[in-house]
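Student: In my numbering, the protein residues as written are 816 to 1648.
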Ligand code: C2E
Ligand code: CA
Ligand code: CA
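1. Sort 1118, 889, 1221 by Cα distance to residue 907 and report the nearest one.
2. Looking at residue 1444 and residue 1392, is the spacing between their C-beta atoms short of 8 Å?
3. According to DSSP, is residue 1475 helix, strand or coil?
4. Count the other C-beta atoms from every protein chain shown that fall within 10 angstroms of the C-beta of residue 1286, then say buried if there are 16 or more, exposed otherwise.
5. Hey, how far is the Cα of residue 1244 from the Cα of residue 1305?
6. Starting from the C-beta of residue 1348, find all residues in its chain whose C-beta is less than 6 Å away, skip the five residues before and the five after it, and write them out in chain order.
7. Note down, one range per segment and in chain order, each beta strand (DSSP E) of at least 3 residues found wholly within the stretch 1476-1549.
8. With which residues is residue 923 paired in a DSSP beta bridge?
9. Rounding to the nearest angstrom, what Cα-Cα distance links residue 1232 and residue 1313 in this structure?
10. Give the straight-line distance between the Cα atoms of residue 911 and residue 871, rounded to the nearest whole angstrom.
11. Is residue 1481 near ligand 2 - that is, is its Cβ less than 7 Å away from at least one heavy atom of it?
12. Just confirm the distance between the C-beta atoms of residue 1122 and residue 1170, as a whole number of angstroms; I'd bet it's less than 8 Å.
13. Express the C-alpha separation of residue 846 and residue 903 in angstroms, rounding to a whole number.
14. Roughly how far, in whole angstroms, is the beta-carbon of residue 918 from the beta-carbon of residue 884, given that I think they are within contact range, below 8 Å?
15. Return helix, strand or coil for residue 1021, following the three-state DSSP convention.
16. Please report the distance separating the alpha-carbon of residue 1532 from that of residue 1251.
17. How many Å lie between residue 1369 and residue 1249 at the Cα?
18. Are three or more beta carbon pairs between the stretch 1427-1440 and the stretch 1483-1498 nearer than 8 Å?
19. Compare the beta carbon distance of residue 1036 and residue 1057 with 8 Å and say whether it is the shorter of the two.
20. So, using beta-carbon positions, are residue 1422 and residue 1408 closer together than 8 Å?
21. Report all residues from its chain with a CB closer than 7 Å to the CB of residue 1616; omit the five preceding and five following residues, and keep chain order.
22. Is it the case that the Cβ atoms of residue 1557 and residue 1527 are separated by a distance below 8 Å?
23. Mind checking residue 1433: buried by the 16 CB within 10 Å criterion, or exposed?
24. Would you call the CB atoms of residue 1229 and residue 1298 closer than 8 Å?
25. Considering only the beta carbon of each residue, do residue 1505 and residue 1529 sit closer than 8 Å?
26. With a threshold of 6 Å on Cβ separation, who are the neighbours of residue 974 within its own chain once the five nearest residues in sequence on each side are excluded?
27. Taking contact to mean 3 or more Cβ pairs, one atom from each stretch, closer than 8 Å, check whether the stretch 1321-1333 and the stretch 1255-1273 are in contact.
28. Should residue 1511 be counted as a contact of ligand 1 given a C-beta to heavy atom distance under 7 Å?
29. Compute the minimum distance between the beta carbon of residue 1150 and the heavy atoms of ligand 4, and state whether it is under 7 Å.
30. Return the CA-CA distance between residue 1637 and residue 1579, expressed in angstroms with no decimal places.
31. Determine the DSSP secondary structure at residue 1421, reduced to helix, strand or coil.
32. For the stretch 1256-1308, which segments carrying the beta strand (DSSP E) assignment without a break, of at least 3 residues, lie completely within its bounds, in sequence order?
33. Taking 6 Å as the limit between beta carbons, can you name the residues of its chain near residue 1004, skipping five residues before and five after?
34. Please tell me whether residue 1174 and residue 1242 are closer than 8 Å, where the distance is taken between their beta carbons.
35. Rounded to whole angstroms, what is the Cα-Cα separation between residue 1601 and residue 1477?
36. Of all the options 1606, 1194, 1138, 1143, which has the alpha carbon lying nearest to the alpha carbon of residue 1178?
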């Protein structure tokens, strides 16, 4: 029974109220509800709610109704269609009707929201979003990894989420009701309260602070105070605390890592592979890995040998054995090895296993190597491998460079050095220095009849005899073939020289015993004497050579003193220069264009202009066949200008038809050092109608290095015009990082020799990776040159290189071929697969 009070509430309610029985049929309905439709009360009674709800909402209403008569109160909105067919949006509150302990039906309070929803659809959407964001906020709040405090205007914590415990060090229950700044630290209080007051003005603030975790660790926090508005005024604030300890640490690590790479790069490019440098590398490893000692251990023999060693403290707290132990483990493993006390990896030199790079600690190492440590170790090993190899090669080269393999005599280079020394000394003493040039008579015939093996032995025996006679007074060297040369220093007069020459002729003339053969040979000797016949080593050698020919002319087996009056002026290499000049006039040069593509999507970003000489007789000549002499003669300047103008005009025309791409041109040292370079380039760019921004100028490291301060100035001027600067053949010179930075270049082109090592040489791979990382750390665009294979391409892409150039994409193209390529260009130039 509906009580009296309730009855009047029912009838006069401004909201529609409907009473349903357990089947969902209308038992009663008030006027407001009737007003929503058109039917009179009699016709409405007994109807089911199912007659009105729209089909899409049927299930939902069914479900709500079922829950209501099971005892729940629900609130929702739904759409109904009146008997007159009108569509209404209703908000519904459905409440179970209890009679005693039984439920006999349900009340519905209906509010017609149609108009409101129509006119304020937007508001509703916003409200929904709000509800949604509130829901999100809730879950954000509860599950947030950040601590979130709800604080009133007085700074008292009214609520806090679970993360408060891990971040703030105090459980939620304990902080609620407390002031948000823990008592004690006046200074901290003042600072934080300052921020809080600003937030109370309505402005969110953020700042860094710290707290102490429940385990006593200091936690770095990033704090944010967000004002909490209610009815337009701030009634408190949210304080969000984010634990940034690990992020800070990661940032510090990343910065440290970048610094290490820079250190290593210095070592890699310093061009100095001395023990000191290796020490420096080991020292860095010791510091970075937190070890006490580092060493390079040679494992090529069965017995390990300590090659270079560095200790953190002078007393050397780590026993050899600890290092050796690690080295042994390393040598046996292909992986990086980490033991309790050691850390190390194998070291390869020239592709072959050389030994181990190891670090060891006196106590158990607290340091567990992570990914970056491993990378760094690998990089160090690569660089040290390179250094050791270069050291080894240098030693080998030194022998090769100074000694003749067949006779063991010094060679020409060594000889020249000795002559220079002797001349310097003679200039002091006033004594004579003689250069004797030997050429064996008819050696070729003997060699042909005896065979090379015996010919070689004959040469060795001649060498021995020459040394026997002239060795104590000077130096004997082999010039190559059957030519020898001798230096006699400290001669008092020409007669001593003459006597020696005669003794030498005699000695050579004696019979030689080669196996069972007795063999005879003679020599012709040309002699030049300092100071009369020349004042420097080269002139003396050249004149002794000329004199030797005179001796041959005179019938061999004799000696001849140089006589200046008899010699014709020497021919110059003017002819090549003349040819080049003519070629330029006759327009025999052509420019080819090699595409440079973006590694990310394979699209063309530019072309490099490469000059070729279309020689009338010799065919197409490549730069290495003529650039050196063009450089030497200075003709490179007009040639380079011609290339630039031609390429700029070509590119301009193609850009008009095919859209933008850049032009890269090579600049030679001579051009680079021209005083009016910038104007010339700006002029050429302007004449071609090209934008300087689309031009990249390639200079080599050595060009840039030649005269640092002037070069920096030149680069600045070039850049001012808008052109980009690329450092070509990067990695082959020894420009240091700080140097590049001062230079303010835009692009580095990793030399193709490193690219060639990808997939073959671990060292090269590591260096390529480093160069890319380093280039990027300086904000440079990194281009890889000479990419010939898919594998190289994939490697470069995997390591984030920006652009590639090479035969894998395309060789240099004639203008026509470039045009065809551009015409057919659809996206990527890179082959698939
Ligand atoms: P560079 O500047 O390093 O030019 C790249 C050279 O590498 C070109 O040789 C090119 O044909 C070659 N190359 C390109 N892709 C590959 C590849 O995948 N594998 C291999 N093995 N080689 C590749 P090129 O045309 O013989 O030029 C040689 C050098 O001559 C150039 O080296 C550059 O230093 C110089 N040069 C070329 N044109 C000019 C010019 O107009 N002016 C000046 N001053 N120097 C030029
Ligand atoms: Ca180049
Ligand atoms: Ca290059």
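All C-beta atoms in this analysis are idealised placements derived from N, C-alpha and C, irrespective of residue type, glycine included.
On a predicted model such as this, the values are computed, not experimentally measured, just so you know.
Tutor: With the structure as the only source:
1. Per the Cα distances, 889.
2. Contact: yes.
3. Reduced to three states, the DSSP call for residue 1475 is coil.
4. Taking all protein chains in view, the Cβ of residue 1286 is surrounded by fewer than 16 other Cβ atoms within 10 Å, so the residue is classified as exposed.
5. The straight-line gap from Cα to Cα measures roughly 8 Å.
6. Taken in chain order, the residues that qualify are 1358, 1377.
7. Whole beta strand (DSSP E) segments, 3+ residues: 1477-1481, 1510-1515, 1539-1545.
8. Residue 923 is bridged to 833, 909.
9. Take the alpha-carbon of residue 1232 and the one of residue 1313: they are about 24 Å apart.
10. Going from the Cα of residue 911 to the Cα of residue 871 covers about 24 Å.
11. It does: the Cβ of residue 1481 is within 7 Å (strictly closer) of some heavy atom of ligand 2.
12. About 7 Å; that satisfies the 8 Å criterion.
13. Linking residue 903 to residue 846 through their CA atoms gives a straight-line distance of about 17 Å.
14. Right, their Cβ atoms sit about 6 Å apart.
15. It is a strand residue.
16. Straight-line spacing of the CA atoms in residue 1532 and residue 1251 works out to 54 Å.
17. Going by the C-alpha atoms only, they are around 21 Å apart.
18. With a cut-off of 8 Å, the stretch 1483-1498 and the stretch 1427-1440 do not count as touching, because too few Cβ pairs lie within range.
19. In contact: residue 1036 and residue 1057 (Cβ atoms closer than 8 Å).
20. In contact: residue 1422 and residue 1408 (Cβ atoms closer than 8 Å).
21. The beta carbon of residue 1616 is closer than 7 Å to those of 1414, 1587, 1597, 1599 in its chain, skipping five residues each way along the sequence.
22. Between residue 1557 and residue 1527, the C-beta spacing is below 8 Å.
23. The residue in question, residue 1433, is exposed, as its Cβ has fewer than 16 Cβ neighbours within 10 Å.
24. Taking 8 Å as the Cβ cut-off, residue 1229 and residue 1298 do not qualify as a contacting pair.
25. Taking 8 Å as the Cβ cut-off, residue 1505 and residue 1529 do not qualify as a contacting pair.
26. So the list reads 965, once near-sequence residues are dropped.
27. Yes, since at least three Cβ pairs between the stretch 1321-1333 and the stretch 1255-1273 fall closer than 8 Å, the two stretches touch.
28. No, Cβ of residue 1511 sits at least 7 Å from all heavy atoms of ligand 1.
29. Ligands displayed in this structure: ligand 1, ligand 2 and ligand 3; ligand 4 is not among them.
30. Whole-angstrom Cα-Cα distance: 34 Å.
31. The answer is strand: DSSP assigns residue 1421 an E or B state.
32. Annotation note: the stretch 1256-1308 contains the following uninterrupted beta strand (DSSP E) runs of length 3 or greater, listed N- to C-terminal: 1289-1295, 1298-1306.
33. If we look at residue 1004 and ignore the five residues flanking it on each side, its Cβ neighbours are 996.
34. No, the pair does not count as a contact, with Cβ atoms beyond the cut-off.
35. The straight-line gap separating the alpha-carbon atoms of residue 1601 and residue 1477 is approximately 19 Å.
36. Relative to the Cα of residue 1178, the nearest Cα in the group 1606, 1194, 1138, 1143 belongs to 1138.
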